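Here the structure is laid out as structure tokens; the discussion comes afterwards.
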Amino acid sequence: MTLLSVRDLRVGFGKPGHETEVVHGVDLDVAAGETLAIVGESGSGKSVTAMSINRLVDYGGGRILGGAILLDGTIDIATAPEAALTGLRGREIGMIFQEPMTSLNPVLKVGTQIGEIFAKRHGLSGRAVRTAAIEALERVRIPDAARRLDQAPHQMSGGMLQRIMIAMALAGKPRLMIADEPTTALDVTTQAQILALLAEMQDETGMGLIFITHDIGVVAGIADRVAVMQKGHIVESGPLDDIIDRPQHPYTRHLLEAVPHFRWGSAARQDTVRRPETRSAQALSVEDLSVRFPVGGGFLRQAQGYVHAVDDISFDLLPGETLGIVGESGSGKSTTARAILDLVQPTGGRVSGADGHAVQMVFQNPNASLNPRMDVRTLLSEPIIAAGRRVDASALDRMRMLLHKVDLPEDSLTRYPHEFSGGQRQRICIARALMPEPKTLVLDEAVSALDVSVQARVLDLLVDLQRDFDLAYLFVSHDMAVVERIAHRIAVIYAGRIVEMGDARSVLSDPQHPYTQKLISAVPTIERRRVEFALDTEEVPSTLRPLGWQAPPQHWQDHGPDHRFVTGSGA
Amino acid sequence: MSVLSALMRHSAGRIGLVIIVIFTIAAILGLLGLTPHDPLAQDRLARLQPPGGAYLMGTDLFGRDILSRLMVGIGQSFVVALLSVGLATLVGTILGLTAAWFGGLWDGVAMRTMDVLLAFPAILLALLIVAILEAGMTTSIIAIAVVYTPIFTRVARGPALSLKTRSFVDAARTFGSSRLYILSRHLLGNLVAPLTVQVTLALAWALLTEAALSFLGLGTQPPNPSLGLMLSDSRNLMEMAPWMLIFPAAVIMLAVLGFNLLGDALRDIADPKSRRALT
Numbered sequence: 001m002t003l004l005s006v007r008d009l010r011v012g013f014g015k016p017g018h019e020t021e022v023v024h025g026v027d028l029d030v031a032a033g034e035t036l037a038i039v040g041e042s043g044s045g046k047s048v049t050a051m052s053i054n055r056l057v058d059y060g061g062g063r064i065l066g067g068a069i070l071l072d073g074t075i076d077i078a079t080a081p082e083a084a085l086t087g088l089r090g091r092e093i094g095m096i097f098q099e100p101m102t103s104l105n106p107v108l109k110v111g112t113q114i115g116e117i118f119a120k121r122h123g124l125s126g127r128a129v130r131t132a133a134i135e136a137l138e139r140v141r142i143p144d145a146a147r148r149l150d151q152a153p154h155q156m157s158g159g160m161l162q163r164i165m166i167a168m169a170l171a172g173k174p175r176l177m178i179a180d181e182p183t184t185a186l187d188v189t190t191q192a193q194i195l196a197l198l199a200e201m202q203d204e205t206g207m208g209l210i211f212i213t214h215d216i217g218v219v220a221g222i223a224d225r226v227a228v229m230q231k232g233h234i235v236e237s238g239p240l241d242d243i244i245d246r247p248q249h250p251y252t253r254h255l256l257e258a259v260p261h262f263r264w265g266s267a268a269r270q271d272t273v274r275r276p277e278t279r280s281a282q283a284l285s286v287e288d289l290s291v292r293f294p295v296g297g298g299f300l301r302q303a304q305g306y307v308h309a310v311d312d313i314s315f316d317l318l319p320g321e322t323l324g325i326v327g328e329s330g331s332g333k334s335t336t337a338r339a340i341l342d343l344v345q346p347t348g349g350r351v352s353g354a355d356g357h358a359v360q361m362v363f364q365n366p367n368a369s370l371n372p373r374m375d376v377r378t379l380l381s382e383p384i385i386a387a388g389r390r391v392d393a394s395a396l397d398r399m400r401m402l403l404h405k406v407d408l409p410e411d412s413l414t415r416y417p418h419e420f421s422g423g424q425r426q427r428i429c430i431a432r433a434l435m436p437e438p439k440t441l442v443l444d445e446a447v448s449a450l451d452v453s454v455q456a457r458v459l460d461l462l463v464d465l466q467r468d469f470d471l472a473y474l475f476v477s478h479d480m481a482v483v484e485r486i487a488h489r490i491a492v493i494y495a496g497r498i499v500e501m502g503d504a505r506s507v508l509s510d511p512q513h514p515y516t517q518k519l520i521s522a523v524p525t526i527e528r529r530r531v532e533f534a535l536d537t538e539e540v541p542s543t544l545r546p547l548g549w550q551a552p553p554q555h556w557q558d559h560g561p562d563h564r565f566v567t568g569s570g571a
Numbered sequence: 572m573s574v575l576s577a578l579m580r581h582s583a584g585r586i587g588l589v590i591i592v593i594f595t596i597a598a599i600l601g602l603l604g605l606t607p608h609d610p611l612a613q614d615r616l617a618r619l620q621p622p623g624g625a626y627l628m629g630t631d632l633f634g635r636d637i638l639s640r641l642m643v644g645i646g647q648s649f650v651v652a653l654l655s656v657g658l659a660t661l662v663g664t665i666l667g668l669t670a671a672w673f674g675g676l677w678d679g680v681a682m683r684t685m686d687v688l689l690a691f692p693a694i695l696l697a698l699l700i701v702a703i704l705e706a707g708m709t710t711s712i713i714a715i716a717v718v719y720t721p722i723f724t725r726v727a728r729g730p731a732l733s734l735k736t737r738s739f740v741d742a743a744r745t746f747g748s749s750r751l752y753i754l755s756r757h758l759l760g761n762l763v764a765p766l767t768v769q770v771t772l773a774l775a776w777a778l779l780t781e782a783a784l785s786f787l788g789l790g791t792q793p794p795n796p797s798l799g800l801m802l803s804d805s806r807n808l809m810e811m812a813p814w815m816l817i818f819p820a821a822v823i824m825l826a827v828l829g830f831n832l833l834g835d836a837l838r839d840i841a842d843p844k845s846r847r848a849l850t
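Taken in order, these protein sequences are the chains called A and G. Take the first sequence: its position 16, counting from 1, is numbered 16 in the numbering used here, and each next residue is one higher. Whatever position you read off the second sequence (first residue = 1), add 571 for the numbering used here.
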């Protein structure tokens, strides 16, 4: 039976009478118990479409210009008065947003925020509210629920908060759930848990689910039917297998081909430079690097303990080689990158090959890493000025050469960052990092903020640049599919320590450490359809250690010529 | 240029701009001595003349031309306001930027000092400084600058704290950019918009404080004309010669209104942009 039926939906933004239409006549159907995935890149109108279904778009300055949104074939949400919508939102239609951190009020206890729903919606009071809240958290598999109720949002991890958001959305017992990129901000292992949870809730309650995402791998894991959106139109829709195996529209095919799919190591690069005779010519070498942050200390007070963000990490990099560093957020992979560039002070260890301007960095968010008030020429000049050199003809020649290399037009020099797209801005960042002729580039989630099809092109660019300039890359990412494309070797970081390292193909196809195995099994791929992800509520161990704690020695075991992993209790 | 045209499109900003431009022209003419009469010349035959005739805004008890004295008075007040706010902006911005950048003890010392200054009512603090130093124009400038420095320190420190953690500052560090370059190009460059708004608003307050100090006899010294002094002179003659009160009072009110309208308009214009730049 059709739960929701959207016909010819048109949505616009702007002053009444002068709206700019961004959604042009969308048709959608969702049956009870069914999952519809809406796929598209940023700006495709997928989120606006979703926000229109519960008319939240009204609060974002948008307006429904035409069409019908029929719930149960009777209530037309598109024209319903606001008073009627208040009863629908939460009760009939629930919603989960992308960023759980910003969806919860940071100053209220989690329990208060969940309790509010039971008090308002179900008229409960006193102890009954608390009991209901505990039940709600237990349903989304939050261990130790009673204690969690008294905590504030900042005391919990992102995955935990997203589970709480789901618990809150489920508390209204909605028949339709809209999930807008609910796992995009989360690690793959946490993502797998959230997907498993949503599927389980759906089985239990028979609710319909609209799942919005840019990640086609996630779609394969969860969707029954798929709608592909581009520029405000649905360009193709149908059952999951048809869309993935027999895409008809060129844009769907483009999405499927452009996106890096995870292939368990078979797509790893084969142009390795690591041979016995090249091993001594290292571009960068890191030995026993440690970074600790004091906790609980303060003015005239001694620290109560240390967060061992990075503990005794060692690796080396050859010219022309990429080492991929993978791990969950909080595992210490970004701290490692930042410590090499002295952006955080290492507490111990040695880094050689990072003198002067030999190591440069490209950051995750190109919008934030370019000063909006500087034109490209000034931006590219900065490393030259920092090195105490003049911006002369040869410097300008290098700017033009690098702009050409990163496929940007020469007239870019006089333009400002906001005149470029996200992918182009990241190209500017890459060109800027190459200005002082570095030997090593540290790429910290350098393609994660980009649209999937742009991602693939920037990855290709990076591979070309690596060959042209014989660059060593330290590529930090949580995205296994992306790492597979660019890394020759992979280091897996877990709770601040490397637990497995070696040849990319070998590590990805034959992971040995249990954590690596868990990480790889959680990667969504288009080969794995409608997966039953195992629900696993185990939290990552804390890296907060008491004073004087020493990391236990790790026992390494070889697995092939260039592949080793940690065994036993040292894991 | 784009700011000017945006101001002209903003209805309140247009009014503020017109007021300030007219007063600025009057002030420049007054300071250059291009007044209808000599502001200090006493005409014993034309004491307390009502407006009209040879004296457009009338004369005071000594037969001095009110319009001429007003023009010079506006000039004096504007000079004091501009110099004091300029000084406050310079010191406040440097304090705010360095407090945000270095943090720790320096941040604590600088900001707590500013808190102490802020705890005093503006006019009381200014009086205190004038009492310590010697009454006069230079003292007024220093006093008003000290009073408004904490505001600029705060306006600079807040955004600087968030700008400091942005990746373009991290990027600059990885190039080895100097501290001066990062502070001036990356932090200060992005503070121009909020500081401009604050300068305009502070000019209005500075003008008022200057008038108050002169009124109390602690600013510009007679016989030099100043807006506050003229008000003070008119006190006892209010009923006999109301024009002595009305014109300087109206000038102060309009100038303050003009700067406030201009500041509000600049804030409206800068806001969406500065928000985008800072988040």
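No residue lacks a Cβ here, since even glycine has one placed at the ideal position from N, Cα and C. Predicted, not measured: the structure shown is a model, and the values here were computed from it.
Annotated three-state conformation of R530 of chain A is coil, per DSSP. For A826 of chain G, the CB contacts under 6 angstroms within the same chain, skipping 5 residues up- and downstream, are F594 and L778 in chain order.
Within the segment 371 to 382 of chain A, the residues whose Cβ lies closer than 9 angstroms to any Cβ of chain G are, in chain order, N371, P372, R373, M374, T378, L379 and E382. Residues of chain G with a Cβ closer than 9 angstroms to the Cβ of N105 of chain A do not exist, since the nearest Cβ in that chain sits about 19 angstroms away. Residue range M708 to K735 is occupied by the alpha helix (DSSP H) that includes V717 of chain G. Residues of chain G with a Cβ closer than 9 angstroms to the Cβ of L341 of chain A are, in chain order, D741, R744 and T745. Contact check for P796 of chain G against P607 of chain G fails: the beta carbons are separated by 8 angstroms or more.
Annotation for H233 of chain A: the continuous beta strand (DSSP E) segment containing it runs H233 to P239. Each residue's CA atom was taken as its position, placing L443 of chain A and L751 of chain G some 27 angstroms apart.
Between the alpha carbons of E236 of chain A and Q230 of chain A lies a gap of roughly 9 angstroms.
By the Cβ rule, the segment 755 to 768 of chain G does not count as touching the segment 817 to 826 of chain G, because fewer than three pairs are nearer than 8 angstroms. At a cut-off of 8 angstroms between beta-carbon atoms, P346 of chain A makes no contact with chain G. The C-beta distance from E382 of chain A to F746 of chain G rounds to 6 angstroms, short enough to meet the 8 angstroms contact threshold.
Shown here, Q230 of chain A sits in a strand according to DSSP, grouped into three states. By the CB criterion at 8 angstroms, G67 of chain A and R10 of chain A fall inside the cutoff.
Annotation: S805 of chain G to L619 of chain G spans about 11 angstroms, alpha carbon to alpha carbon. Distance between L402 of chain A and D503 of chain A, taken at the CA atoms: about 31 angstroms. Between T205 of chain A and the set A:M177, A:I222, A:H214 and A:R225, the nearest pair of CA atoms involves A:M177. Membership of A495 of chain A in any alpha helix (DSSP H) is not indicated, and neither H nor E is assigned to it by DSSP. P546 of chain A is bridged by DSSP to A:G305.
In the displayed model, R55 of chain A falls within coil according to three-state DSSP, outside both helix and strand. The beta-carbon of P16 of chain A is placed no less than 8 angstroms from the nearest beta-carbon of chain G. In the DSSP annotation of this structure, the continuous segment of the alpha helix (DSSP H) that includes M579 of chain G starts and ends at S573 to R580. Our two residues, R55 of chain A and L104 of chain A, have alpha carbons roughly 20 angstroms apart in a direct line.
Here M628 of chain G is buried. Its C-beta has 16 or more other C-beta atoms within 10 Å.
H513 of chain A counts as buried, since at least 16 other C-beta atoms from the protein chains shown sit within 10 angstroms of its C-beta. Along the segment 361 to 412 of chain A, the alpha helix (DSSP H) occurs as fully enclosed runs of 4 or more residues at 376 to 386 and 393 to 405, listed in sequence order. Excluding sequence positions up to five before and after T20 of chain A, its CB lies within less than 8 angstroms of the CB of G12, F13 and G14, all in the same chain and listed in chain order. For G629 of chain G, there are no C-beta contacts with chain A under 9 angstroms, since the nearest C-beta of that chain is about 51 angstroms from it.
Around the C-beta of N365 of chain A, 16 or more other C-beta atoms lie within 10 Å, and the residue is accordingly described as buried. The criterion of a C-beta distance shorter than 8 angstroms is satisfied by I428 of chain A and L370 of chain A. Annotation: I384 of chain A to D392 of chain A spans about 10 angstroms, alpha carbon to alpha carbon. Bounds of the beta strand (DSSP E) holding D29 of chain A are T20 to A31. The DSSP-derived three-state label of M201 of chain A is helix.
Following the DSSP letters along the chain, one finds G12 of chain A inside the beta strand (DSSP E) bounded by residues T2 to F13.
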